[in-house]
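Q: My questions all concern the structure below.
Residue numbers (our numbering): 1 to 259.
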């Protein structure tokens, strides 16, 4: 698993597909939190929202790095396709950690907020929740599920809009409403922890669904190259041609044709 994560990190750094999601994150963070003041929970809600969009885009880009032939080589090398999928998810979440730290301290640098130690814990919970939710949407809208990028982009936009704007839908919209309407970080820790658990469950479900769909597609793609016995799961017995009445018979050994 560690080797797969290192390989995925090296591929992402080489292709530089992380640049666009990171620029989106920093741009949104600068627009939403610059010159802010007052309590920190609304500012950290903005940081979590920016990380949610960045994690979604980064996951879709990371899952689309390898073409089907390269992915098949990785699956054969690692032994299971689930390991390759989990390595991609782990790479995305590890990539979100520096962004989480940046989103935690950038509002303090660009604004004047009332800072308390409990605010940092709430900010960490909120950003991890949104990173998990964004990764879940990105996995479900990756090339493993949608072969065409246009369909994947449309599905990702639709799911992001539903997650952000549906009233009281956990974990994203519910978390944003809690952090926007309350300035006491201490009383928000338990509800934010509940949204974190919900986001982890959503990521687990999306990972399982993506693995199931990808396995079915790989099985269907390999069907023309498999022998008939492996397709049906039963051994195929060759049918011998039946002899007709007028067909010539081979004389048995020890009996002459004259007798």
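Cβ atoms here follow ideal geometry from the backbone N, Cα and C, with glycine treated the same way.
Look up residue 113 in the DSSP assignment and say whether it is helix, strand or coil.
A: Residue state, collapsed to three classes: strand.
Q: Provide the residue(s) that pair with residue 30 in DSSP beta bridges, ordered along the chain.
A: Paired residues: none, contrary to the question.
Q: Out of 81, 157, 163 and 100, point me to the one whose CA is closest to residue 216's CA.
A: Residue 216 has its Cα closest to that of 81, out of 81, 157, 163 and 100.
Q: Is the region 86-102 in contact with the region 127-139, if contact means three or more CB pairs nearer than 8 Å?
A: Enough Cβ pairs lie closer than 8 Å, so yes.
Q: Assuming contact is defined by CB atoms lying nearer than 9 Å, are residue 116 and residue 53 in contact in what I supplied?
A: Against a cut-off of 9 Å, the Cβ pair of residue 53 and residue 116 comes out as no contact.
Q: Could you tell me whether the region 190-208 touches the region 56-74, where touching means 3 or more Cβ pairs closer than 8 Å?
A: Short answer: they don't touch.
Q: Do residue 89 and residue 15 have their beta-carbon atoms positioned less than 9 Å apart in this structure?
A: No; because the gap between Cβ atoms is not below 9 Å, this pair is not in contact.
Q: Taking the CB atoms as reference points, tell me whether residue 43 and residue 113 lie closer together than 9 Å.
A: Result yes, Cβ atoms of residue 43 and residue 113 sit closer than 9 Å.
Q: Along the chain, which unbroken stretches of the alpha helix (DSSP H) at least 4 residues long are found entirely within the region 78-126?
A: As far as the region 78-126 is concerned, its whole alpha helix (DSSP H) runs of at least 4 residues are 81-110.
Q: Out of 23, 211, 218 and 131, which has the shortest C-alpha to C-alpha gap to residue 83?
A: With distances taken between Cα atoms, residue 83 lies closest to 211.
Q: Count the other CB atoms within 10 Å of the CB of residue 137; is the residue buried (16 or more) or exposed (fewer)?
A: Result: buried.
Q: If you draw a straight line from the C-alpha of residue 32 to the C-alpha of residue 220, how long is it?
A: Roughly 46 Å between the two C-alpha positions.
Q: Less than 9 Å between the beta carbons of residue 51 and residue 25, yes or no?
A: It is a contact, given that the beta carbons lie within the stated cut-off.
Q: Using alpha carbons as the reference points, say which of 121, 75, 214 and 22 lies closest to residue 196.
A: For the residues 121, 75, 214 and 22, the minimum Cα distance to residue 196 belongs to 121.
Q: Report whether the distance from the Cβ of residue 69 to the nearest heavy atom of the ligand ATP is below 8 Å.
A: The ligand ATP is absent from the structure shown, which contains no ligands of any kind.
Q: Once you ignore the five residues that flank residue 66 on each side, which residues in its own chain have a CB closer than 8 Å to its CB?
A: For residue 66, where only same-chain residues beyond five positions count, the Cβ hits under 8 Å are 11 and 74.
Q: Taking the beta carbon of residue 21 as the centre, do at least 16 other beta carbons fall within 10 Å, making it buried, or is it exposed?
A: With 16 or more other Cβ atoms within 10 Å, it is buried.
Q: Please report the straight-line C-alpha distance between residue 173 and residue 49, rounded to a whole angstrom.
A: Answer to the nearest angstrom: the Cα atoms are 10 Å apart.
Q: Please state whether the Cβ-Cβ distance between residue 38 and residue 183 is less than 9 Å.
A: In this structure, residue 183 lies closer than 9 Å to residue 38 by Cβ.
Q: If you run the structure through DSSP and keep just helix, strand and coil, what is residue 38?
A: Residue 38 falls in the strand class under three-state DSSP.
Q: With distance defined between alpha-carbon atoms, name the residue in 29, 4, 5 and 201 nearest to residue 111.
A: Of 29, 4, 5 and 201, the residue nearest in Cα terms is 29.
Q: Can the beta-carbon of residue 118 be found closer than 9 Å to that of residue 189?
A: In contact: residue 118 and residue 189 (Cβ atoms closer than 9 Å).
Q: Using CA atoms only, rank isn't needed, just tell me which of 149, 181, 185 and 4 is closest to residue 70.
A: Nearest option by C-alpha distance: 4.
Q: Take the Cβ of residue 181 as the centre, count every other Cβ of all protein chains shown within 10 Å, and call the residue buried at 16 or more, exposed below.
A: Flag for residue 181 reads exposed.
Q: Taking 8 Å as the limit between beta carbons, can you name the residues of its chain near residue 203, skipping five residues before and five after?
A: Excluding residues within five positions, the ones whose Cβ falls inside 8 Å are 89, 132, 133, 135, 136 and 139.
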